[in-house]
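Visitor: The structure that follows is given in the form of structure tokens.
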Amino acid sequence: MNREEILALYQWQPGTCFRHPAEGVVETALVKTIQPRLDGKREIRACRECVLAMEGIRHEAARQAGAEYVPGRAGETLGW
Numbered sequence: 089m090n091r092e093e094i095l096a097l098y099q100w101q102p103g104t105c106f107r108h109p110a111e112g113v114v115e116t117a118l119v120k121t122i123q124p125r126l127d128g129k130r131e132i133r134a135c136r137e138c139v140l141a142m143e144g145i146r147h148e149a150a151r152q153a154g155a156e157y158v159p160g161r162a163g164e165t166l167g168w
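For the sequence shown, this note's numbering gives the first residue as 89, with consecutive numbering after it.
So, in structure tokens, the structure goes:
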């Protein structure tokens, strides 16, 4: 898949990227929801470049493990 096809797998809305909070509000995708013990649910959102970087890491990890890579799940583990 190319970059645009991967990005099309996500729903985008204004938010703050967890890796670049100083950039302010940009188009982001929800990649994970966490629930800290004392602070309720929190959405972890990533900008387009970060989603692509996360997808690249997952793709390479799957390749090295001989596992199937399924794009569109940047915030998930590969399930081993």
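From the three backbone atoms N, C-alpha and C, an ideal C-beta is built for every residue, glycine too.
Distance, Cα to Cα, valine 139 vs glycine 128?
Guide: On the sequence shown, residue 139 is found 51 positions in, with the first residue counted as 1. On the sequence shown, residue 128 is found 40 positions in, with the first residue counted as 1. About 24 Å.
Visitor: Could you tell me whether the stretch 117-132 touches the stretch 145-155, where touching means 3 or more Cβ pairs closer than 8 Å?
Guide: Result no; under three Cβ-Cβ pairs closer than 8 Å.
Visitor: Use the C-beta contact count for arginine 146: other C-beta atoms within 10 angstroms, 16 or more gives buried, fewer gives exposed.
Guide: The residue given as residue 146 occupies position 58 in the sequence shown. Answer is buried; the Cβ neighbour count reaches 16.
Visitor: Under the assumption that leucine 166 contacts alanine 149 (Cβ atoms under 8 Å), give the Cβ distance between them as a whole number of angstroms.
Guide: Residue mapping note: residue 166 aligns to position 78 of the sequence shown, counting from 1. Residue mapping note: residue 149 aligns to position 61 of the sequence shown, counting from 1. Their Cβ separation, rounded to whole angstroms, is 6 Å, which keeps leucine 166 and alanine 149 in contact under 8 Å.
Visitor: Going by DSSP, what residues sit across from lysine 120 in a beta bridge?
Guide: In the sequence shown, the residue the question calls residue 120 occupies position 32. Looking at the DSSP assignment, lysine 120 forms a beta bridge with Ile132.
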